[in-house]
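Have a look at the structure below, then the notes.
Numbering (the numbering used here), first residue to last: -9 to 929.
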């Protein structure tokens, strides 16, 4: 029981709290604030910035909503930024429902709704562009909420978050909302440095407990042996808690049985018994477990009361296939009443889409799946379709969604359960295991606050599954936040225009990237000091009473390096000579094969003109047909003789092979001369004599050195070898330290050198100024910003019709998922051919300059979207536009909106040609139609 003084203090605190804006805000929520939410909101009301790091679904957006509430109460503005348009649309709808459409606006790359409202939801890039343009919309801005701020680790877009954080006016309070990261304190310390007082609020607690399961066949097992939820499976942070939670013994038994099965089948063995050939390993791990189909998995979850569920499949085709399999299985998760409601809402959502486009979009299959309670969700779908799925899922009408990992990156679509089909994914280059951070992000969707008592994460058993590894992923949920920031051309020229070159350099040095680099230098310097002490000890151990052993060791090292280099050079030249001489061989030439499996004499039958390296077909004197390569020779090939091979020669006929082999032997016996021009020449390795002289000279110096006669020479040499290896490693660490010091500023200097070489910067008495061309670059944003500006300077956009202009712009924004091989497609018109040629020429010259200045290379213009955009802008149907391409409808719409975005930038470029601006506006209208124009913003 509390004392009177404690009760008095509690009462006083309640009275004080009732007078705050946070109290008024909390009365509108309908639930009590969690401790971390209250702590962050109190800091915000005190005028401090906040970084809130909490698990997905913990309710951290409440802090952002309080910032919006505070702005409106004070008669000021608040911006709410998100990383993706879908999340912006969702947050816009939520805020409209709370404050009304007249007080809330939306700004994304292609959508503008009430942009001068008191509260504006926008993508982060839009705010960055506003800051560089000194937009009037920034007036009276008091709060900026950066949702999913951990996106700054994204290697493609992450720099934008740091640009915004650095350049926001000092009087703007920043609310940063992040997933749980392991270095939140480090990130908070940086925010404190660049933004002023910033409180770091970290919550490890999930309001809805998360239980971990593994589905083996159609049976559901708990991952852990005891009743352990997600919070309990994580060691206490910073406490060094090494308690290992026991994995379910049933799963361990299954894994052990599977391992024995594969071991008995020689799975993973390197060889067999002596004298026997090892059996071929199976192509994949063996298992006696019959895997449940996707419809069976959903049916099992339904019977266990674990729906609604999101099944993550790391493939768009896999998601679509899952829907097809569920349809074919006859799976139905809805009542007749629910089906009617779904169909009505779906038909209302697509009423403005042309009938002929619906077939291309796979509408009828999608609609049928939704009516039965399941659907796919991925970036290849039309944004409208994805939004319908999200709304129906949130309303409980759709109970199973098959999604790619993009759904986990921000869209608020919680479920009771999350299913992971696999624990590896293709990252564009190779299949890699998902990280603990990715596992956390994906499974974080499980458990709906205020609806579910608990959430469930289900991993499907695959052959070779290691329950211990799954438990390891489930036991770690934090991951480090590492900056991906680097100065771009647009960023650099905007900074110089606003602050001057010197101050701009200092501003960039305040980035989180440089902050992290500077901190890492401390640890590296400590390693260098430790190694220098070891080097001193090694020097003592290798000292020789006869002379300077360091010098003797240097001579030995130099001799070893020269001999290795000479050997490599000789091998390279001999291989090159072999390839060259093989290329000169003709039908009927007799040669001696000096290496490989076809040793002996042979006659050339044919040359392979299509091979990258010469690989002629020969008949050996043993009457075998072989293909030979440079690997079969130790130097240039000598033609010993020549014979005539009949045109009708059939290599498949044993008699003809025998006759030709006889002719080969006769030619060699008679010593018939080779054809003219194939006389033997002695091969000399270029530089070989000079290398030999250098080797002999070093050997003489080595023998003449006093230490050569030391009885402990080899013992000293071993210490010298250790010293040399450690010296090399230490020098590399020193180089890393030098490389990490002022790295961002050095990159900025190199960017400025490129800009200067193109005349975008002008040096005068008052310092560096921006040229007219540079002013145009300031208004161009994107991965190929400088290339677009160069095309503008070279009149690449001139003389194009509006449809051609849209198509040409597409090659400056489009990025294919994989490298598109093949010849360059023919352009729609000669004018476009000329424009593309200019773009490719400027790109080639630009990348040469970037390589010279050690900068990342700008992306090449890609032509894969030219024809679809040209057809679409010319008024053709969606089916016609996509014919002959691998583009999904959703991808086409996304890229079309980026084309609109760049066209919109171009028409607003200062002093742009009026005719080009007019054609640009016309092109925007021609692209923004049909499914592209159908915005995914709620009514």
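Backbone N, C-alpha and C fix where the C-beta goes; we use that ideal spot for every residue, glycine too. Please read all numbers here as calculations on a predicted model, not as lab measurements.
Suppose you measure from the CA of residue 909 to the CA of residue 843; what does that come to, to the nearest Å? As a first step, residue 909 is located in the chain shown; it is residue number 919 there, counting from the start. As a first step, residue 843 is located in the chain shown; it is residue number 853 there, counting from the start. Straight-line Cα distance between these residues: approximately 37 Å.
Using the Cβ count rule (16 or more neighbours within 10 Å means buried), how would you classify residue -7? Against the chain shown, residue -7 aligns to sequence position 3. Exposed: under 16 other Cβ atoms inside 10 Å.
Same chain, Cβ closer than 6 Å to residue 892, neighbours up to 5 away in sequence not counted: One-based indexing of the chain shown puts residue 892 at position 902. Around residue 892: 799 and 803.
Report the three-state DSSP secondary structure of residue 191 (helix, strand or coil). For the purposes of this step, residue 191 is taken as residue 201 along the chain shown, with counting starting at 1. In the structure shown, residue 191 adopts extended strand secondary structure according to DSSP, grouped into three states.
Grouping DSSP H, G and I as helix and E and B as strand, with all else coil, what is residue 538? What you label residue 538 is simply residue 548 of the chain shown in a count that begins at 1. In the structure shown, residue 538 sits in coil (DSSP, three-state: anything other than H, G, I, E or B).
Between 788, 858, 304 and 651, which lies nearest to residue 904 when the distance is taken from Cα to Cα? Residue numbering aside, residue 904 sits at position 914 when the chain shown is read from its first letter. Ranked by Cα distance from residue 904, the first of 788, 858, 304 and 651 is 788.
In angstroms with no decimal places, state the Cα-to-Cα distance between residue 213 and residue 138. On the chain shown, position 223 is the one that residue 213 refers to. On the chain shown, position 148 is the one that residue 138 refers to. For residue 213 and residue 138, the distance between alpha carbons rounds to 30 Å.
Going by beta carbon distance, what residues of the same chain come within less than 8 Å of residue 476, once the five residues before and after it are set aside? Position 486 of the chain shown, counted from the start, is the residue given in the question as residue 476. Counting only Cβ-Cβ distances below 8 Å, and skipping sequence neighbours, we find 149, 503, 734, 737 and 846.
Do residue 692 and residue 664 have their beta-carbon atoms positioned less than 8 Å apart in this structure? Taking the chain shown and counting its residues from 1, the one referred to as residue 664 is at position 674. Taking the chain shown and counting its residues from 1, the one referred to as residue 692 is at position 702. Cβ atoms of residue 664 and residue 692: not closer than 8 Å.
Would residue 801 and residue 853 qualify as a contact pair, given that the criterion is a beta-carbon distance under 8 Å? Position 811 of the chain shown, counting from 1, holds the residue named residue 801. Position 863 of the chain shown, counting from 1, holds the residue named residue 853. With contacts defined as CB atoms closer than 8 Å, residue 801 and residue 853 qualify as a contacting pair.
May I have the straight-line CA-CA distance separating residue 334 from residue 327, to the nearest angstrom? Numbered from its first residue, the chain shown carries residue 334 at position 344. Numbered from its first residue, the chain shown carries residue 327 at position 337. Cα to Cα, the separation comes out at about 11 Å.
Can you grab the Cα-Cα spacing for the pair residue 413 / residue 424, in whole Å? For the purposes of this step, residue 413 is taken as residue 423 along the chain shown, with counting starting at 1. For the purposes of this step, residue 424 is taken as residue 434 along the chain shown, with counting starting at 1. Going by the C-alpha atoms only, they are around 6 Å apart.
Three Cβ pairs or more, each shorter than 8 Å: is that satisfied between the segment 568 to 576 and the segment 608 to 627? yes
Straight-line CA distance for residue 546 to residue 690? Working through the chain shown from its first residue, we reach residue 546 at position 556. Working through the chain shown from its first residue, we reach residue 690 at position 700. Roughly 11 Å separates the two Cα atoms.
Should residue 263 go down as buried or exposed, given a rule of 16 or more other Cβ atoms within 10 Å for buried? As a working note, residue 263 is residue 273 in the chain shown. Bear in mind that a pLDDT of 40 at residue 263, under 50, signals an unreliable position, so the number given afterwards is only what the model happens to contain. Residue 263 counts as exposed, since fewer than 16 other beta carbons sit within 10 angstroms of its beta carbon.
Count the other CB atoms within 10 Å of the CB of residue 13; is the residue buried (16 or more) or exposed (fewer)? Reading the chain shown from its first residue, position 23 is the one you call residue 13. Burial call: exposed.
Just checking, does the segment 282 to 291 make contact with the segment 311 to 323 on the three C-beta pairs under 8 Å criterion? yes
Between which two residues does the alpha helix (DSSP H) containing residue 462 stretch? The residue labelled residue 462 in the question sits at position 472 within the chain shown. 457 to 464 is the span of the alpha helix (DSSP H), which, as asked, contains residue 462.
Check whether the segment 443 to 454 touches the segment 335 to 354, taking contact to mean three or more Cβ pairs, one atom from each stretch, closer than 8 Å. no
Assigned exposure category for residue 790 - 16 Cβ within 10 Å defines buried: Here residue 790 refers to the residue found at position 800 of the chain shown. Buried is the call here.
Please classify residue 294: is it buried, with 16 or more other beta-carbons within 10 angstroms of its beta-carbon, or exposed? One-based indexing of the chain shown puts residue 294 at position 304. Result: exposed.
Return the chain-ordered list of same chain residues with a C-beta closer than 7 Å to the C-beta of residue 206, the five sequence neighbours on each side being excluded. Locating residue 206 in the chain shown gives position 216, counting from the first residue. Cβ within range, chain order: 244, 279 and 451.
If you follow the alpha helix (DSSP H) that residue 863 is in, where does it begin and where does it stop? Translated into positions along the chain shown, residue 863 becomes position 873. Residues 856 to 863.
Report the residue ranges of all alpha helix (DSSP H) runs contained in full by the segment 766 to 812; include only those spanning at least 4 residues, in chain order. 775 to 783 and 792 to 803
Contact belief for residue 899 with residue 766 at Cβ below 8 Å, rounded distance in angstroms: As a first step, residue 899 must be located in the chain shown, where it is residue number 909. As a first step, residue 766 must be located in the chain shown, where it is residue number 776. The Cβ separation is near 5 Å, so the contact holds.
Using DSSP with H/G/I as helix, E/B as strand and the rest coil, what is residue 451? As a first step, residue 451 is located in the chain shown; it is residue number 461 there, counting from the start. It is coil, neither helix nor strand.
Could you have a look at residue 609 and say whether DSSP puts it in helix, strand or coil? In the chain shown, residue 609 corresponds to position 619, counting from 1. Residue 609 falls in the strand class under three-state DSSP.
Count the other CB atoms, across all protein chains shown, that sit within 10 Å of the CB of residue 146; report buried if there are 16 or more and exposed otherwise. Sequence index remark: in the chain shown, residue 146 carries index 156 (1-based). So residue 146 counts as exposed.
Residues in its own chain within less than 6 Å of residue 759 by CB, not counting five upstream and five downstream? Position 769 of the chain shown, counted from the first residue, corresponds to residue 759. Result list for residue 759: 752, in chain order.
If you pair each beta-carbon of the segment 53 to 67 with each one of the segment 15 to 30, do three or more pairs fall below 8 Å? The count of Cβ pairs closer than 8 Å, one atom from the segment 53 to 67 and one from the segment 15 to 30, reaches three, so the stretches are in contact.
Inter-residue CB distance, residue 41 and residue 188 (contact presumed, cutoff 8 Å): The count along the chain shown starts at 1 and reaches residue 41 at position 51. The count along the chain shown starts at 1 and reaches residue 188 at position 198. Right, their Cβ atoms sit about 6 Å apart.
Indicate whether the contact test is met: 3 or more Cβ pairs, each with one atom in the segment 694 to 712 and one in the segment 523 to 537, closer than 8 Å. Contact holds: three or more Cβ-Cβ distances are below 8 Å.
Just how far apart, CA to CA, sit residue 703 and residue 697? The sequence position of residue 703 within the chain shown is 713, counting from 1. The sequence position of residue 697 within the chain shown is 707, counting from 1. Here the alpha carbons of residue 697 and residue 703 stand approximately 7 Å from one another.
How is the alpha helix (DSSP H) around residue 54 delimited, first residue to last? Locating residue 54 in the chain shown gives position 64, where the first residue counts as 1. Segment 51 to 63, the alpha helix (DSSP H) holding residue 54.
Using the DSSP secondary-structure output, state which residues sit across from residue 482 in a beta bridge. Position 492 of the chain shown, counted from the first residue, corresponds to residue 482. According to DSSP, residue pairing for residue 482 in a beta bridge does not occur.
In or out: residue 46 buried (at least 16 other Cβ within 10 Å) or exposed? For the purposes of this step, residue 46 is taken as residue 56 along the chain shown, with counting starting at 1. The residue in question, residue 46, is buried, as its Cβ has 16 or more Cβ neighbours within 10 Å.
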